[in-house]
DNA sequence: CGAGCGATTGATTTCTTTCAATATCGGTGG
DNA sequence: CCACCGATATTGAAAGAAATCAATCGCTCG
């Protein structure tokens with residue numbers, strides 16, 4: 001396995017760009033759409049955190065929602081704990097994405113955000129953000145955009161729920177690939193920040209199933225992989241997996 | 001089967017309350033948190049639509065996002081069409097809920113909204129709403145609240161993806177029950193606005209599985225049902241189903 | 001160097017789907 | 001008013017996909 005292009009996410013936005021203005025993720029993040037002067041106003045309310053080590057929490061369920069976060073570097077998992085203490089991963093966060101937005105309208109966070117690797121986040125106080133959103137139309141718009149997009153992605157993910165394990169994992173890999181690519185990393189060669197178990201948990205499958213699928217993909221020449229290192233060899237075929245295998249007649253459910 | 005308390009959703013907010021001020025759903029909807037004068041300002045930008053008949057679309061994928069909607073009465077399903085034309089239901093909308101919010105940040109709606117029964121919706125022009133959200137802090141806050149809550153509910157739903165069919169349907173019925181109840185309808189006796197097939201589609205199960213589960217629940221005395229009419233007979237047991245089936249055995253009453 | 005978690009692989013079981021055959025409901029038109 | 005129609009719902013039997021149970025391997029970390 002070569003390792004060309006396998007830059008870790010933790011390397012992103014690492015240098016001392018402590019301002020949105022200089023942040024390479026600026027155009028995906030909250031400051032997108034903002035003019036220079038507006039960015040400066042946003043920057044003024046944002047604080048930076050010390051880096052999180054792998055396994056550390058950015059926040060936990062039950063903590064008061066006084067701020068949300070934007071991930072600068074590294075990666076996180078969001079998860080809920082159901083009543084019997086089982087972890088349910090609801091999503092993975094890459095640099096430039098907001099964290100904690102499902103806490104809007106609640107006094108305390110409903111879930112957890114844990115670093116999958118060394119990570120840094122920007123802290124955005126909620127009261128100040130809401131106020132600023134009143135004053136800056138483009139910030140308001142961007143906030144709604146992010147929420148709307150997030151909601152739609154959730155819907156898409158949900159709509160894949162009933163597909164086969166094979167399709168779901170292919171979709172997952174392609175989704176990651178596209179997100180890495182948007183951040184200037186290789187779309188074809190990357191290192192998974194999460195374990196097989198975490199992928200399975202997220203997709204509603206077991207560790208064993210994920211492992212078997214990786215093996216099968218490898219045997220079919222769709223990917224090459226070793227541990228968390230993944231190379232997409234045949235993106236077209238992976239896409240093909242995601243589409244419905246055969247055209248099954250969409251029999252029921254038609255309303256007029 | 002008695003039919004006490006089985007008020008149809010289409011009866012809600014039916015009389016000529018054409019203002020938010022007089023709308024019984026006001027406290028769940030966008031105007032929650034707003035003072036009298038602010039409600040009046042919101043009202044001024046809202047239009048009412050002609051009623052939708054069952055099967056009619058409130059909007060379709062690809063239509064420009066110039067407005068969102070709030071459901072006044074009746075019920076809708078939201079769905080996506082995947083590339084091979086299969087319908088994927090992403091949610092059901094009850095009175096007082098916003099529709100089309102996953103269109104924020106897009107030029108066109110990603111999905112469809114179709115009436116499950118005769119329904120009425122309020123139309124909220126997006127440009128005006130965004131502007132008003134700039135001027136009214138509580139409106140801004142409520143908008144974010146609704147989006148945040150929606151996102152969280154989506155996460156919860158997602159986190160149930162890997163549970164058994166039995167658990168998922170129980171969760172679904174209890175969720176509906178709670179939403180009906182919040183709207184002043186009976187929590188125990190209600191009429192499903194959607195078909196078995198639509199429930200299955202939403203939950204990632206087949207029509208047959210849903211049908212079998214209804215039969216099983218009925219045999220176990222958990223519910224009584226006939227067609228779309230449902231009576232919850234043993235809410236506690238239904239809740240029990242949702243909790244982990246595993247070794248949380250309170251007493252040995254449960255037969256394998 | 002040992003311990004332990006994560007990954008892989010195999011065998012078996014279980015649940016849900018699929019295929020197939022009625023049954024029932026709601027509406028329509030004769 | 002009643003018979004008929006299509007759509008929806010129910011039920012059974014068989015097939016299939018993924019979970020579960022179980023064992024091994026490999027790597028990282030202390």
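Residue numbers (full-length UniProt numbering), protein chains in the order written: chain A, 1 to 256; chain B, 1 to 256. Backbone N, C-alpha and C fix where the C-beta goes; we use that ideal spot for every residue, glycine too. Just so we're clear, the structure is a prediction, and the values are computed from it rather than from any experiment.
Review point. Are the beta-carbon atoms belonging to residue 271 of chain A and residue 129 of chain B less than 8 Å from one another?
Key: Since the first residue shown for chain A is 1 and the last is 256, residue 271 of chain A is missing from the structure and cannot be characterised.
Practice item. Would you please verify whether the beta carbon of residue 130 of chain B is less than 8 Å from any beta carbon of chain A? Key: At least one chain A Cβ lies under 8 Å of residue 130 of chain B.
Review point. Going straight from the alpha carbon of residue 152 of chain A to that of residue 103 of chain B, what length do you get?
Key: 8 Å
Practice item. Measure from the alpha carbon of residue 259 of chain B to the alpha carbon of each residue in B/239, B/142 and B/213, then state which is nearest. Key: Only positions 1 to 256 of chain B appear in this structure, which leaves residue 259 of chain B out of reach.
Exercise for review: Please classify residue 178 of chain B: is it buried, with 16 or more other beta-carbons within 10 angstroms of its beta-carbon, or exposed?
Suggested key: exposed
Practice item. In the DSSP assignment, find the unbroken beta strand (DSSP E) run with residue 223 of chain B in it and report its ends. Key: 223–226
**Study point:** Own chain partners of residue 224 of chain B with C-beta closer than 7 Å, once the 5 adjacent residues on each side are dropped
**Key:** 1, 218, 231 and 233
**Study point:** Euclidean distance between Cα positions of residue 203 of chain B and residue 37 of chain A
**Key:** Distance from the CA atom of residue 203 of chain B to the CA atom of residue 37 of chain A, rounded to whole angstroms, is 47 Å.
Review point. Mind checking whether residue 46 of chain A and residue 20 of chain A have CB atoms under 8 Å apart?
Key: yes
Practice item. Using a cut-off of 9 Å between C-beta atoms, extract the partners of residue 134 of chain B located in chain A. Key: Those within 9 Å of residue 134 of chain B in chain A are 133, 134, 135, 136, 137 and 140.
Practice item. Just confirm the distance between the C-beta atoms of residue 132 of chain A and residue 41 of chain A, as a whole number of angstroms; I'd bet it's less than 8 Å. Key: 6 Å
Practice item. Whole angstroms is fine: what's the gap from residue 29 of chain A's alpha carbon to residue 70 of chain A's? Key: Approximately 8 Å between the Cα atoms of the pair.
Review point. Going by alpha carbons, who is nearest to residue 23 of chain B out of B/126, B/73, B/105 and B/149?
Key: B/73
Review point. Residue 196 of chain B to residue 89 of chain A, Cα distance in whole Å?
Key: 29 Å
Review point. Can residue 51 of chain A and residue 120 of chain A be called in contact, C-beta distance under 8 Å?
Key: yes
Point to revise | Residue environment, residue 239 of chain B, which counts as buried when at least 16 other CB atoms sit within 10 Å | key: exposed
**Study point:** 7 Å Cβ cut-off: residues of chain B touching residue 59 of chain A
**Key:** The contacting residues do not exist; residue 59 of chain A stays about 14 Å from chain B at best.
Exercise for review: For residue 239 of chain B, name the three-state secondary structure that DSSP assigns.
Suggested key: helix
**Study point:** Spatial distance of residue 64 of chain B from residue 242 of chain B (CA atoms)
**Key:** Roughly 40 Å between the two C-alpha positions.
Practice item. Closer than 8 Å by C-beta to residue 254 of chain B: which residues in its own chain qualify, once you throw out the five before and the five after it? Chain order, please. Key: Low confidence applies to residue 254 of chain B: its pLDDT is 34, below 50, so where it sits in the model is not reliable enough to give any reading.
Check your understanding: How about residue 55 of chain A and residue 78 of chain A: are their beta carbons less than 8 Å apart?
Key -> no
Practice item. List in chain order: all unbroken alpha helix (DSSP H) runs of 4+ residues lying wholly within the stretch 150–228 of chain A. Key: 165–182, 196–203 and 207–219
Exercise for review: Spatial neighbours of residue 61 of chain A within its chain, please: CB distance less than 8 Å, with the 5 preceding and 5 following residues excluded, ordered by chain position.
Suggested key: 80, 81, 108, 109, 110, 111 and 112
Check your understanding: How would you call residue 170 of chain A, buried or exposed, if buried means at least 16 neighbouring beta carbons within 10 angstroms?
Key -> buried
Review point. Exposed or buried, residue 164 of chain B, counting other C-beta atoms within 10 Å across all chains shown (16 or more means buried)?
Key: Exposure of residue 164 of chain B is indicated by the presence of fewer than 16 other C-beta atoms within 10 angstroms of its C-beta.
Check your understanding: Where does residue 140 of chain A sit, in a helix, a strand or coil, going by DSSP?
Key -> helix
**Study point:** Span of the beta strand (DSSP E), counted from its first residue to its last, around residue 121 of chain A
**Key:** Here the beta strand (DSSP E) through residue 121 of chain A covers 120–125.
Check your understanding: Is it the case that the Cβ atoms of residue 33 of chain A and residue 96 of chain A are separated by a distance below 8 Å?
Key -> No, they are not a contact pair.
Practice item. For the stretch 156–180 of chain A, enumerate the residues whose C-beta is nearer than 9 Å to any C-beta of chain B, in chain order. Key: 156, 157, 158, 159, 160, 161, 162 and 163
Exercise for review: Could you tell me whether the Cβ of residue 41 of chain B comes closer than 8 Å to any Cβ of chain A?
Suggested key: no
Review point. Any idea what DSSP makes of residue 145 of chain B, helix, strand or coil?
Key: helix
Exercise for review: Could you check what DSSP says for residue 47 of chain A in three-state terms: helix, strand or coil?
Suggested key: The three-state secondary structure of residue 47 of chain A, taken from DSSP, is strand.
**Study point:** Completely contained beta strand (DSSP E) runs for the UniProt domain "Cyclic nucleotide-binding" (30–100) of chain B, where each covers 3 or more residues
**Key:** 57–59, 67–73, 76–81 and 87–93
Review point. Taking Cβ positions only, does residue 67 of chain B come closer than 8 Å to chain A?
Key: no
Check your understanding: If you compare alpha carbons, which of A/27, A/100 and A/125 is closest to residue 48 of chain A?
Key -> A/125
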